[in-house]
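Participant:
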Amino acid sequence: MYDSQSNTPPNSESLAGFRTRAIHVGGEVDPATGAVVPPVHFASTFRQPGAGQWGQYDYSRSGNPTRSALQSTLASLESSATTPCAGALAFSSGMAAIHAVTMLLRTGDHVLAGTDIYGGAYRLLHQICDANGISVSLVDMTDTAAVEAAITDQTALIWAETIGNPRMTIPDLPAITRLAKKRGVLIGVDNTFGTPVLIRPLDLGVDIVMHSATKYLGGHSDCLGGTLAVADQDLHDRLYFIQNATGAVLDPMTCFLISRGLKTLDLRVREQSATAMKLAEWLESHDRVRSVLYPGLASHPQISRARELFDPGATTDAKRFGAMITFELDGDLETVQRFCSNTRLFHLAVSLGAVESLIEQPATMSHASYAPEARAKYGITDSLIRLSVGLENFDDLRADLEQAFKA
298 MYDSQSNTPP NSESLAGFRT RAIHVGGEVD PATGAVVPPV HFASTFRQPG
348 AGQWGQYDYS RSGNPTRSAL QSTLASLESS ATTPCAGALA FSSGMAAIHA
398 VTMLLRTGDH VLAGTDIYGG AYRLLHQICD ANGISVSLVD MTDTAAVEAA
448 ITDQTALIWA ETIGNPRMTI PDLPAITRLA KKRGVLIGVD NTFGTPVLIR
498 PLDLGVDIVM HSATKYLGGH SDCLGGTLAV ADQDLHDRLY FIQNATGAVL
548 DPMTCFLISR GLKTLDLRVR EQSATAMKLA EWLESHDRVR SVLYPGLASH
598 PQISRARELF DPGATTDAKR FGAMITFELD GDLETVQRFC SNTRLFHLAV
648 SLGAVESLIE QPATMSHASY APEARAKYGI TDSLIRLSVG LENFDDLRAD
698 LEQAFKA
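And the structure:
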């Protein structure tokens, strides 16, 4: 059995391949029955050996076997041969996970975040954190010199995304991490778009890696969750204390669903990314499209950085760059909304990362919490459209977009 606090993956499997670990670490055969899928433990409380004597589990908010199994898998997948993950934590949502990170901060601290971040994170920073005496400023994370200039003596946290949402910017994480270490600042990244399949930020020296597990980790639009992974044991213990004290834990059934999703994560992300690359190339040549933002395109401003950071074990031709595409339609707001409403396979919906493809307009949907002047300043225009590419056939997705263009 794993320790419910450390969630350290077994040494015998720590160097196995990613897909092997996704299936076997945390998914060990049930010793009581021989079941190859571990049982889901719905118990809210656990009988103790004696008064004042504590077993491995006592109350499900503090630890649950099903959650521990998921956290063991996550810790293994976030690890590398050079940087083992000290532990992972599973939260009730991605925003709950980010909120736990901000609870490391104190009044008077400063957060430096990217200009290209999820709308929910923007809302948390600008309407919750700043109301509690934590100052927030945004900076273009692709400009390392600007990041360095924006760090103050009060900066306690740098928050970035491995692939910016929605403009697909790629920060120089190694350089920003070095800056953070030099100034004694924590650095956390949202790796929801990148997934541990394509990039493992702990290996770059990042302190905290967050995922909205609702997206690729679960992969089927049927669960809500968030995760944190860290390399430092003390930091893990601090975040565990916050989670246990505030209670934003992931329920057992959702832990099971995400554990099941992780078993096919590598296959899904690679197939979805391959289709996304083809769609991005096709969109870039379309006469109704003004511009396409996709990290794998030669036209992407940070293409060299993307090739360096993403899918490092793959050859150049086999590299994958994620399954999210943003493009600008050549038309006004009404045209964009009509386009988004006329797709058939692409569901008009927020969220991303699942087997079915989704389409949305960030300015009025995922990033509506940005102030209008902030959207204008950071390039979240009304003409911007974001695609989450699923597992459908490329030809079918292309045909769906083409008929929407005609509509």
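Letter by letter, the sequence shown follows residues 298 to 704 in the working numbering.
All C-beta atoms in this analysis are idealised placements derived from N, C-alpha and C, irrespective of residue type, glycine included.
Note that the structure is predicted; figures quoted are calculated from it, not measured.
Would you mind sorting Tyr299 into buried or exposed? The rule is 16 or more other CB atoms within 10 Å of its CB.
Facilitator: At Tyr299, the pLDDT of 32 sits below 50, so the modelled position is not reliable; the number obtained from the coordinates is stated separately. Result: buried.
Participant: On the DSSP bridge assignment, give the partners of Leu409 in chain order.
Facilitator: In DSSP, Leu409 forms a bridge with Ser434, Ile455.
Participant: Helix, strand or coil: how does DSSP classify Ala712 here?
Facilitator: The first residue shown for the chain is 298 and the last is 704, placing residue 712 beyond what the model contains.
Participant: Distance check for Val322 and Ser373, CA to CA, integer angstroms please.
Facilitator: When rounded, the distance between both Cα atoms is 7 Å.
Participant: Less than 6 Å between C-beta atoms, sequence neighbours within five positions excluded: which residues of the same chain meet that for Met438?
Facilitator: The residues are Gly411, Ala457, Pro468.
Participant: In angstroms, rounded to a whole number, what distance separates the CA positions of Leu402 and Ile431?
Facilitator: Distance between the alpha carbons of Leu402 and Ile431: 8 Å.
Participant: Counting C-beta neighbours from all protein chains within 10 Å, is the total for Ala378 16 or more, i.e. buried, or is it exposed?
Facilitator: With fewer than 16 Cβ atoms within 10 Å of its Cβ, Ala378 is classed as exposed.
Participant: Given a cut-off of 8 Å, decide if Val527 and Ile496 are closer than it, judged by their beta-carbon atoms.
Facilitator: Cβ atoms of Ile496 and Val527: not closer than 8 Å.
Participant: What's the C-alpha gap between Val337 and Pro549?
Facilitator: When rounded, the distance between both Cα atoms is 6 Å.
Participant: Would you mind reading off the limits of the beta strand (DSSP E) that contains Glu657?
Facilitator: Its beta strand (DSSP E) spans residues 655 to 657.
Participant: Give me the Cα-Cα distance between Leu514 and Glu375, rounded to the nearest whole angstrom.
Facilitator: Each residue's alpha carbon lies about 12 Å from the other.
Participant: Where does Gln350 fall in DSSP's three states?
Facilitator: Correct three-state label for Gln350: strand.
Participant: Looking at the secondary structure, which residues open and close the beta strand (DSSP E) in which Thr524 lies?
Facilitator: Unbroken beta strand (DSSP E) run through Thr524: 523 to 527.
Participant: In the DSSP output, which residue or residues are listed as bridge partners for Glu625?
Facilitator: Per DSSP, Ser588, Leu681.
Participant: Where does Asp300 fall in DSSP's three states?
Facilitator: Residue placement at Asp300 is flagged as unreliable, the pLDDT there being 39, under the threshold of 50; the coordinate-derived value follows with that caveat. In the structure shown, Asp300 sits in coil (DSSP, three-state: anything other than H, G, I, E or B).
Participant: Would you call Arg617 buried or exposed, if buried means 16 or more other Cβ atoms sit within 10 Å of its Cβ?
Facilitator: By the 10 Å Cβ count, Arg617 comes out buried.
Participant: Mapping DSSP to helix, strand and coil, what is Tyr356?
Facilitator: Of the three classes helix, strand and coil, the one that applies to Tyr356 here is strand, per DSSP.
Participant: Give the range of the beta strand (DSSP E) segment to which Leu483 is assigned.
Facilitator: Where Leu483 is concerned, the enclosing beta strand (DSSP E) stretches over 483 to 487.
Participant: Kindly identify the DSSP beta-bridge partner or partners of Pro644.
Facilitator: According to the sequence displayed, residue 644 carries His and not Pro. Partner(s): Leu655.
Participant: May I ask you to report which of helix, strand or coil DSSP gives His508?
Facilitator: His508 falls in the strand class under three-state DSSP.
Participant: Is Ser434 near Leu409, with beta carbons less than 8 Å apart?
Facilitator: Yes, the pair counts as a contact, with Cβ atoms nearer than the cut-off.
Participant: So, is Phe339 buried or exposed, given that buried needs 16 or more other C-beta atoms within 10 angstroms?
Facilitator: Label assigned to Phe339: exposed.
Participant: Does Lys478 pass the burial test, meaning 16 or more other C-beta atoms within 10 Å, or should it be called exposed?
Facilitator: Lys478 is exposed by the Cβ-count criterion.
Participant: Are the CB atoms of Gln540 and Phe388 within a distance shorter than 8 Å?
Facilitator: Result yes, Cβ atoms of Phe388 and Gln540 sit closer than 8 Å.
Participant: Just to check my reading of the structure: Ala704 and Leu681 have Cβ atoms closer than 8 Å, yes? What is that Cβ distance to the nearest angstrom?
Facilitator: Between Leu681 and Ala704 the Cβ distance is about 19 Å, and since that is not below 8 Å, they are no contact.
Participant: Rounding to the nearest angstrom, what Cα-Cα distance links Ser359 and Thr399 in this structure?
Facilitator: Cα to Cα, Ser359 sits roughly 20 Å from Thr399.
Participant: Would Leu655 and Glu689 qualify as a contact pair, given that the criterion is a beta-carbon distance under 8 Å?
Facilitator: Against a cut-off of 8 Å, the Cβ pair of Glu689 and Leu655 comes out as no contact.
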